[in-house]
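Here is the structure we will look at.
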Amino acid sequence: MKYSSHDRRQFLARLLAAGGTIPLLPLYAAEEPPPGPRQFSVREWGALGDGKRLDTAAIQRAIDSCHRAGGGTVLVPPGNYLTGTLFLKSRVALHLDHGAVLLGSTQLKDYPLTPAAIRSYTDNYTDKSLIYAENQERIAITGQGIIDGQGAAFPGPYKVRPYLLRFIGCREVTVRDLTILNSPMWVQHYLACDRVLLSGLTVISHCNSNNDGIDIDGCRQVRISDCDISSGDDAIVLKSTLNRPCQDIVISNCILKSDCNAFKLGTESNGGFQNVVLSNCVIHATRLAGLALELVDGGLCDGISISNVTMREVRCPIFIRLGNRARTFEAAQAKPAMGQMRNLQISHVQAEATDPIGCSITGLPGHPVEQVTLDHIRLLLPGGGTEAQAAREVPEQETKYPEYAMFGTLPASGLYCRHVRGLTLQNIEIDFKTRDERPGLVCEDVAQLELDGWNPAQAPSANPAVRLFNVRQANIRSCRSPQGTKTFVAVEGPESNRIRLLGNDFKDAEKGVEAPVAVEKPPGQ
């Protein structure tokens, strides 16, 4: 039975007259639900979605009206919407329905110059974007639709190639569930933003230069999850192009493919990187490094944790570099001070590499990388290294642009470590597709080395399996010499001291250790 408002008023009047009480009800009764967020369809504001006429003005009217109304959702229904720059406003969610495509205009005149109020090195890159927001809050781009930048239409230098998404100094940013294609420049740039969520994104962009998949630049409290990225440049890259660190960053459950590096810190590092976690990711078909941690423009890199990563078809699994390029974004700026890199942990990694150059961890004389742990690492390497390569000297390359191949073929087949203090290598297995005549591990100018469970499948001709040069305070334990090893550990250099061997199995080696200095070891080792 349905009651009218008059019936309800009569009932309440009789209840009060009889001394009863009125029960507390929700703010909205079941038949009168609370109003949801307001929706503004771009069609209602004049957008045609035919892929031919420019819909920029109509979509912008919908965004502006939604913002003036206090916020809500700007709905983009199915269709092909050709557009130039759109300016996203506070409390506005741009929602692309399944079947909706935002097509970036192929005319540069449709992308007005939008120089940022926040200055950074990216001022030298580009000042144009397809979707732009600065100093806005609670903004979002969501839905099952597509953003296609048609980036092949923009050949040329940085300034003629817009970003697709650029958010600067914004708070509470969400980009979720979209497919993003064909950027002329970086696909997404988040600069000096706080509380950013990027989830469920599919990014495919190989049509132009500098097609980074995601650039997080001087941001704090960022979550990236469940993304599938295939990019022409670095897939996910953390930058610090201003004096503000990338801080409190979590990246998980992503699939990464890149024509450059899959996951990278740097190269710009002025503000540094602090408290960064990457876990549960798959990396494949990557032309440079799978994991590249680079600090070359000053700043502090502190507290990086990487775990549960598998890689295949990568040139180099792990590249860590502390250098001193010391680049600034204005000629009048003072050069940044030498940076610091410390507290790096990489664990539970399986990787197949395609380049025999090898992995490396390198600082500079007097400026070591500090407190590095590699744990439970399994590497399948191509091999092919020669005795001549094992004997070569490696140049410092202090100011050179950092890249895994910057030193040439390394004297170590697996891992080359130089200028490091506090290095722990444990439970590491290395195997080769073809014979390699270089030591699996070379350490130069390393202090406080813990080598625990190093088990290479070393070619018998490699001599030694492990080379330590000017290594101080080293504990070597639970290591096993493969069949046919001539010398497992060779200790060299006038500064080498306090080398201890504990609980190793060198029975299959002609010589367990060769050292001109006293080495502490139990009997039989």
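Residue numbers (the numbering used here): 417 to 941. Positions of the beta carbon are idealized from the N, C-alpha and C atoms, including for glycine. Predicted, not measured: the structure shown is a model, and the values here were computed from it.
Within 9 Å, strictly: CB atoms of residue i and residue j
{"i": "Q761", "j": "T778", "result": "no"}
{"i": "I734", "j": "S776", "result": "yes"}
{"i": "V485", "j": "W461", "result": "In the sequence on display, residue 485 carries Ala and not Val. Cβ distance not < 9 Å, so A485 and W461 don't count as in contact."}
{"i": "R582", "j": "T522", "result": "no"}
{"i": "S641", "j": "C623", "result": "no"}
{"i": "N740", "j": "H783", "result": "yes"}
{"i": "Q842", "j": "H764", "result": "no"}
{"i": "V959", "j": "T618", "result": "Any question about residue 959 goes unanswered here, given that the chain covers just 417 to 941."}
{"i": "R883", "j": "V862", "result": "no"}
{"i": "H835", "j": "L738", "result": "yes"}
{"i": "D868", "j": "T901", "result": "no"}
{"i": "L672", "j": "I720", "result": "no"}
{"i": "C732", "j": "G706", "result": "yes"}
{"i": "G520", "j": "P578", "result": "yes"}
{"i": "L597", "j": "I620", "result": "yes"}
{"i": "A753", "j": "I736", "result": "no"}
{"i": "F823", "j": "R535", "result": "no"}
{"i": "A678", "j": "M727", "result": "yes"}
Contacting residues, own chain, Cβ-Cβ under 6 Å from residue i (five flanking each side not counted)
{"i": "D675", "result": "G648 and R703"}
{"i": "G838", "result": "E786, Q787 and Q864"}
{"i": "T489", "result": "P453, Q455, A509 and H511"}
{"i": "E911", "result": "N886"}
{"i": "C643", "result": "L617 and C670"}
{"i": "R660", "result": "A608, G634 and G687"}
{"i": "V638", "result": "V612, I632 and I665"}
{"i": "I892", "result": "L867 and L917"}
{"i": "E936", "result": "R916"}
{"i": "V653", "result": "D628, D631 and K680"}
{"i": "I667", "result": "I640 and L694"}
{"i": "A906", "result": "P880, R883 and E930"}
{"i": "C895", "result": "W870 and N920"}
{"i": "C697", "result": "C670 and V725"}
Cβ neighbour criterion (16 or more within 10 Å) applied to residue i
{"i": "D628", "result": "buried"}
{"i": "G565", "result": "buried"}
{"i": "T437", "result": "At T437, the pLDDT of 38 sits below 50, so the modelled position is not reliable and the matter cannot be decided from this model."}
{"i": "E447", "result": "The predicted model places E447 with a pLDDT of 36, which falls under 50 and marks its position as unreliable; any figure quoted below should be read in that light. Per the 10 Å Cβ criterion, exposed."}
{"i": "E860", "result": "buried"}
{"i": "N540", "result": "exposed"}
{"i": "K525", "result": "exposed"}
{"i": "G807", "result": "In the sequence on display, residue 807 carries Ala and not Gly. When all chains shown are included, A807 counts as exposed."}
{"i": "K655", "result": "buried"}
{"i": "D924", "result": "exposed"}
{"i": "I645", "result": "buried"}
{"i": "R636", "result": "buried"}
{"i": "A473", "result": "exposed"}
{"i": "K751", "result": "exposed"}
{"i": "V929", "result": "buried"}
{"i": "E710", "result": "buried"}
{"i": "R916", "result": "exposed"}
{"i": "A651", "result": "buried"}
{"i": "R854", "result": "buried"}
{"i": "Q749", "result": "exposed"}
{"i": "P818", "result": "buried"}
{"i": "P571", "result": "exposed"}
Proximal residues to residue i (C-beta, below 8 Å), its chain only, five neighbours per side dropped
{"i": "L441", "result": "Confidence at L441 is low in this model, with a pLDDT of 32, below 50, so its placement is unreliable and no value can be given for it."}
{"i": "E729", "result": "H700, A701, T702, E768 and T770"}
{"i": "K812", "result": "Lys is not the amino acid found at residue 812; the sequence shown has Glu there. Taken in chain order, the residues that qualify are L780 and P781."}
{"i": "G799", "result": "P772, S829, F848, K849, T850, R851, D852 and A875"}
{"i": "N551", "result": "A533, I584, G585 and C586"}
{"i": "H514", "result": "P494, G559, Q560 and G561"}
{"i": "A569", "result": "T522 and P600"}
Own chain, CB closer than 7 Å to residue i, minus 5 neighbours either side, in chain order
{"i": "I475", "result": "V458, A463, Y497, T499 and L502"}
{"i": "P528", "result": "T501"}
{"i": "E684", "result": "Y537, K655, S656, T657 and D713"}
{"i": "P872", "result": "G830, I846, G856, A881 and P898"}
{"i": "N879", "result": "K902 and T903"}
{"i": "F922", "result": "S897, F904, G928 and Q941"}
For the pair the segment 535–548 and the segment 465–475, tell me if three or more CB-CB distances fall below 8 Å.
no
Unbroken stretches of the beta strand (DSSP E), 3 residues or longer, contained in the segment 850–888 | 857–872
| task | Quick one: which unbroken beta strand (DSSP E) runs of 3-plus residues sit fully inside the segment 781–812? Chain order, please. | result | 785–797
* To do: Go through the segment 453–509 residue by residue and report every complete run of the alpha helix (DSSP H) that reaches 4 residues or more, in order.
  => 472–484
Quiz item: Which ranges does the alpha helix (DSSP H) cover as unbroken runs of at least 4 residues, wholly within the segment 642–672, from first to last along the chain?
Solution: none
For this session: Mind listing, in chain order, the continuous beta strand (DSSP E) runs of no fewer than 3 residues lying wholly within the segment 512–593?
Result: 516–520, 545–550, 553–559, 562–564, 579–584 and 587–592
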